[in-house]
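Here the sequence shown is numbered in my numbering, starting from 26 and rising by one per residue.
All C-beta atoms in this analysis are idealised placements derived from N, C-alpha and C, irrespective of residue type, glycine included.
Let me begin by presenting the structure, written as structure tokens, before commenting on it.
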Amino acid sequence: MTALGVAFSTPTLSRNPAELAIDRDKDTCAYLKPKKPRWWRIDLGEEHKVLSVAVTMISPDKYVKFTVFVIKTQGTSASYKRCASFTGKFGTETVVLSCAEGKGIEGQKVHIEDHLQEEGIFEICEVEVQVEKDTGYDCGRPSRSLYSITYEPKNDMVEYGCIRGYEIKGSDYRYCLSTGQWSGDPPICEPILCDDFDDLEHGNIRITHDNDGPPLEGAVAIYKCNEGFKLEGPITRDCLKDGSWSGKDPQCKAIRCAVPDGREQGGVYRLINKTNSMGSMAMLRCKGGKREGDNPYIICTEDGEWTAPEAHCILPARAAYGSRDYPRIENQGDSTPKEPRSSAGDYAAVDYEKKRQSRLLKEQDSMDSSSTAGASPLPPDEPDKKESRSPTPPKHASINESEEEEEEEEEEEESETSSVQAKEDIKQQRKAQEEERKAKEEEERKAKEEEERKAKEEEERKAKEEEERKAKEEAEKKAKEEEKKKAEAPPGRRRRVRDEPAPPPPVEEKPVLRRFRR
26 MTALGVAFST PTLSRNPAEL AIDRDKDTCA YLKPKKPRWW RIDLGEEHKV LSVAVTMISP
86 DKYVKFTVFV IKTQGTSASY KRCASFTGKF GTETVVLSCA EGKGIEGQKV HIEDHLQEEG
146 IFEICEVEVQ VEKDTGYDCG RPSRSLYSIT YEPKNDMVEY GCIRGYEIKG SDYRYCLSTG
206 QWSGDPPICE PILCDDFDDL EHGNIRITHD NDGPPLEGAV AIYKCNEGFK LEGPITRDCL
266 KDGSWSGKDP QCKAIRCAVP DGREQGGVYR LINKTNSMGS MAMLRCKGGK REGDNPYIIC
326 TEDGEWTAPE AHCILPARAA YGSRDYPRIE NQGDSTPKEP RSSAGDYAAV DYEKKRQSRL
386 LKEQDSMDSS STAGASPLPP DEPDKKESRS PTPPKHASIN ESEEEEEEEE EEEESETSSV
446 QAKEDIKQQR KAQEEERKAK EEEERKAKEE EERKAKEEEE RKAKEEEERK AKEEAEKKAK
506 EEEKKKAEAP PGRRRRVRDE PAPPPPVEEK PVLRRFRR
């Protein structure tokens, strides 16, 4: 059971007397002033076997050093028996100190003595003394509130706690009274709530927790960015015991690839949509009559890199021989023409010419056989007629060539357009960089002017103070000189001032009496 009594101590602050340590309110404390010795004491009124003493302090991180004694009085003598000592930091609000390893010590008073008397205020917010219960009724199973838990009762005392995500409000302990009832009311468990998040720009936040309400301790926030954006910061954050979220707020940044460089492919890349964000495309454009080989497109991927280029600028087959100079067929019939000396494009041109010559010869043979059926072959002395079978390029070949030339011109125009666009983009970038540089210089100039202005004002202020100081010193100097002159001047002769006679009193005019003779 918990014993109550009368509290007294060494001097305390006026508004924080010793009684506040036994008022069953942990938010009110007794503050003992620095003094040697410094102690707090409770008189239980009668002798009890003290089993434990629970001490509550408002600052669990403060370093303390004290000893708890049980005082037993017999007549005029008193004996102090040590219950327990504590040195260090509480870590929690309340610390329970057992007396004689839980066996208890008999006495009428509980005495707490501080060993750091000269180091600030000694605070005691609540002292609960557990004594051995007199024979009485059994208290039974203690009641508890929602979300709270109780530990196995020990020495007629039960300790309360809360499930994860909740914190206890009220006393952590209840004691069995001699009346068969548990002291006080069961503590309440209040939820530890973490603040809601603001909307994640270009992404979303998913919170996983066991309940359907607001996030409690142990909840996990999972961050995810929209397509085309990547997360900078932690992927997950946890709701902590103090109601805060771990880590810092992450952000979703747009995925961008570097401006592609087509010099290795022999050309330039043009951004299709004038952007280098994820999913955008760039096309290889060639110059100087060269053409793209395979797929000329590259794509910006989600890792911020362009796909591997497949195309390269190559020279067309016929371009190796000038605008329209094809290799001549020097032999006729089944003879193989001489192979050119240079690149693979030349071999392609020769192969094309071989096939064309063979096709034309077959067509001409079929026409001759149909028109001169049964005629004898040409005599051997007429080579001119045989030479007339030399190949002539058909009309559709020239049409194809003109179409190819038009395509080349269009490609060159597009290449020039893309080049102009690229130059314009570079120009815009340089312009933006120049504007940024100018803005930065302007800010630096303004900051410098502001510093100069402040320095000038400071100099003027100091000069003014110096002038005032000098003027004051000059005035004091003159005043001292005047006083000195007055002190050194010889005393002057005094002139006697004769007393002037007082003016005569006014004469009253009396009437003149005249006598008349009769």
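- Here asparagine 320 is exposed. Its C-beta has fewer than 16 other C-beta atoms within 10 Å.
- In the displayed model, glycine 70 falls within a strand according to three-state DSSP.
- Residue state for isoleucine 47 is assigned as helix, using DSSP reduced to three classes.
- The C-alpha of leucine 141 is placed about 14 angstroms away from the C-alpha of lysine 114.
- Membership of histidine 136 in the beta strand (DSSP E) is indicated by the continuous run 130–139.
- DSSP places aspartate 223 outside any beta strand (DSSP E), giving it a letter other than H or E.
- Taking 8 angstroms as the upper bound for CB-CB distance, cysteine 201 and lysine 249 are not in contact here, some 54 angstroms apart.
- With 16 or more other Cβ atoms from the protein chains shown falling within 10 Å of its own Cβ, valine 152 counts as buried.
- Excluding residues up to 5 positions away in sequence, Gly186 lie with their Cβ nearer than 6 angstroms to the Cβ of isoleucine 174 in the same chain.
- Taking C-beta separations shorter than 7 angstroms and ignoring five residues to either side along the sequence, the partners of arginine 281 in its chain run Asn301, Ser302 and Gly329, following chain order.
- Take the alpha-carbon of isoleucine 217 and the one of glutamate 242: they are about 6 angstroms apart.
- Between serine 77 and glycine 127, the CB-CB gap stays under 9 angstroms.
- Taking C-beta separations shorter than 8 angstroms and ignoring five residues to either side along the sequence, the partners of proline 212 in its chain run Ser170, Ser173, Tyr185, Ile193, Lys194, Gly195, Ser196 and Asp197, following chain order.
- Taking 9 angstroms as the cut-off, the beta carbon of aspartate 450 is found closer than this to the beta carbon of lysine 299.
- Between the alpha carbons of alanine 79 and glutamate 252 lies a gap of roughly 59 angstroms.
- Between isoleucine 149 and threonine 81, the C-beta gap is smaller than 9 angstroms, which places the two residues in contact.
- Counting the other CB atoms within 10 Å of its CB gives lysine 315 a total of 16 or more, which places it among the buried residues.
- Nearest in C-alpha terms to isoleucine 130, of all of Phe147, Cys108, Ile137 and Leu122, is Cys108.
- With contacts defined as CB atoms closer than 9 angstroms, tyrosine 322 and alanine 336 qualify as a contacting pair.
- When secondary structure is reduced to three states using DSSP, isoleucine 451 falls in the helix class.
- Assigned with DSSP and collapsed to three states, alanine 32 falls in strand.
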